[in-house]
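Quick note: the sequence shown uses our numbering, first residue 120, plus one each step.
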Amino acid sequence: MKHLILWLTFLSPMLIKAQQKIPLDDMSFWKPSEKTNWQIAGDVTADINQHDGMTQTTGKGILVNIPVEKNKANLQSVTEYGDVDVSFDFMMAAHSNSGFYLMGRYELQLMDSWGVKNPSTGDCGGIYKRRRYENGKEILWEGHAPRLNACLAPGLWQHIDISFQAPKFDATGKKTQNAKMLSVKMNGVIVQENVELTGPTGGPIAETEAATGPFMIQGDHGPVAFRNFVILNLSGKPAELSNVSYKVFYGNFKEPKDFLNKKPDATGSVEKLSWDVSKQENDFAEIFNGILKIPVAGKHIFTFQIGGKYYVSINGKELLPDAWTVTRDKKSAQIDLPAGDVPFEITVYKTDAWMTPILGMYVQGPNFRNTPYHSLGSTLARPSDDPIFLDAKESTILRSFSDIVKGSKRQKRITHAVNVGNQDKLHYTYDLSNGAIAQIWKGDFLDASPMWDNRGDGSSRPRGAVLALTDAQIFVSSDSKGTFSEAP
């Protein structure tokens, strides 16, 4: 079998999917407007002490809104989207207010909510309320507050990642499924997850729902700036699974040659992959063969969650030639596939009695979301362990390893870290080896699960919106002459 060198990753598959980055060299991505409050700039600044204060400099790369009384309007994209992932950076002026609408109908609130202890639907990261009028009276209902306030101070660039699922309709136009905010992550923290939206929120382009719609940014409330728009259109049809057959062998097998030439103890076919075609939980081997009908050629990401050793080939190429994972772990690989029927083969053998059996396969393509191709029970091997959370109800100190993370990548592991928490929900990590504050965060204190669950790895994780600092030394020493130098 021909080997194929592939990039394997334990990071989110989102990082390696084909994405569209919107160049902000001009306003061509957006519909023309008679107003001029929206402009392209090279840089922006916002004074934390000035109400609605934002200034811009000439250049490219930043979309900025500076409204005035008779010159303010919302902004809509030319292109319409349905299922979509979108991410961007944004900056709020002090006390400013804006909103980002999916399909022009479902608003995710953008707000200077810095310092708010109990955020509501109108705060940053909230899903705004629905609205109607009866006898001239405004009635608001529903709405979803963010899980926590992950907002940074005005004048700082903030980041947001949105995964959105559009409403679905049958052939007659009847809605069969509500829109849904699958996930909203602000400054690295999930603030909304699996939230159904029964209809448009306040201030939409239309009160009726549709299968697609434009992005809309609220531009009539206050100054706001954007950059680094990245869009992934996910409205395509997922790959289809068919013709799945299996062979089961029983025995304590050390390698594939121990069973490949044996007569199988059981054979059959299934609609979806499932480890429990085996009648025992240990000392077995399984071989699955099937077809994936790929709708659009391009890069596809396969993610496997399997307890034991396994080999995977896709379209005659070895995707994972020799893998081993425990029950909770997942392993991903990327491969270019043609459109049409693509054969696959998965060989699994399990001899570790301490390991719970599990078999899961997920695929995501150039224009469809990560999709499971296994039965639900095949990945419900055992209930997940409860997380070990630490709260700072008073001034609290905890020693641990601490990771400095940028995006989803670990930049540095601090081995001599002291995590300091307080009841005001403003915490920091101090690097003893460098005499520096490495990161600060708002929200809850620590997740100690990586350190205290089972064997652990000695690390803890912040439970809030993290701001990584430069890790520069903050202590200096003076010599006898009164001059100062950096401390060793």
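Cβ coordinates follow ideal geometry from the N, Cα and C atoms, glycine included.
Put simply, the backbone Cα of residue 463 is about 20 Å away from that of residue 495.
Under the rule that a run must span 3 or more residues, the beta strand (DSSP E) segments found entirely inside the region 464 to 507 read 478 to 484 and 487 to 491. In the same chain as residue 299, and ignoring 5 residues on each side of it, the C-beta atoms closer than 8 Å to its own belong to 283, 284, 313, 314, 315 and 316, in chain order. Beta-bridge partners of residue 225 (DSSP): 221. Here DSSP, grouped into helix, strand and coil, assigns residue 260 to strand. Between the region 169 to 181 and the region 202 to 216 there are three or more C-beta pairs closer than 8 Å, enough to call the two in contact. With fewer than three CB-CB distances shorter than 8 Å, the region 327 to 340 does not count as touching the region 435 to 442. Within the DSSP bridge table, the entry for residue 410 names 361 and 462 as partners.
For residue 394, the secondary structure class from DSSP, reduced to helix, strand or coil, is helix. Exclusion of the five residues before and after residue 248 leaves 240, 259, 260, 261, 262, 320 and 321 as the residues of its chain whose Cβ lies within less than 7 Å of its Cβ. Sorting 367, 563, 561 and 521 by C-alpha distance to the C-alpha of residue 406 places 367 at the top. Shown here, residue 276 sits in coil according to DSSP, grouped into three states, outside any helix or strand.
Relative to the Cα of residue 559, the nearest Cα in the group 254, 573 and 543 belongs to 543. If the five residues before and after residue 362 are omitted, its C-beta is found closer than 7 Å to the C-beta atoms of 409 and 410, all from its own chain and listed in chain order. Note on geometry: alpha-carbon atoms of residue 563 and residue 164 lie some 29 Å from one another.
Close CB contacts of residue 550 within its chain, under the 7 Å cut and outside five residues either way in sequence, are with 533, 535, 536, 557 and 590 (chain order).
Sorting 530, 190, 466 and 509 by C-alpha distance to the C-alpha of residue 541 places 509 at the top. A residue is called buried once 16 or more other Cβ atoms fall within 10 Å of its Cβ, and residue 582 is buried on that count.
In the structure shown, residue 568 falls within a helical segment according to DSSP collapsed to helix, strand and coil.
In chain order, 349 and 351 place their CB closer than 6 Å to the CB of residue 138, counting only its own chain and leaving out the 5 sequence neighbours on each side. By the C-beta criterion, the region 221 to 234 is judged not to be in contact with the region 376 to 385, since fewer than 3 inter-stretch pairs fall below 8 Å. The region 410 to 424 and the region 380 to 397 do not touch, with fewer than three beta-carbon pairs separated by less than 8 Å.
Within the same chain, 426, 427, 445 and 446 come within 7 Å of residue 474 by CB-CB distance, once the 5 residues on both sides are set aside. Here the alpha carbons of residue 484 and residue 478 stand approximately 20 Å from one another. Residue environment analysis places residue 149 among the buried positions, since at least 16 neighbouring C-beta atoms fall within 10 angstroms of its C-beta. The C-beta of residue 257 has fewer than 16 other C-beta atoms within 10 Å across all chains shown, which makes the residue exposed. Boundaries for residue 319: no beta strand (DSSP E) harbours it, and the DSSP string shows neither H nor E there. Cα atoms of residue 152 and residue 199: separation of roughly 17 Å, rounded to the nearest angstrom. Contact annotation: residue 457 and residue 416 have beta-carbon atoms nearer than 7 Å. Contact between residue 157 and residue 184 holds, since their C-beta atoms are separated by about 5 Å, short of 8 Å. Counting only the Cα atoms, residue 293 lies some 41 Å from residue 188. For residue 529, the closest of 513, 498, 480 and 587 by C-alpha to C-alpha distance is 587. Less than 7 Å separates the beta-carbon of residue 238 from that of residue 265.
Under the criterion of beta carbons closer than 8 Å, residue 531 and residue 523 qualify as touching, at roughly 4 Å. The alpha-carbon of residue 490 is positioned some 21 Å away from that of residue 311. Per DSSP, reduced to three states, the secondary structure at residue 376 is helical.
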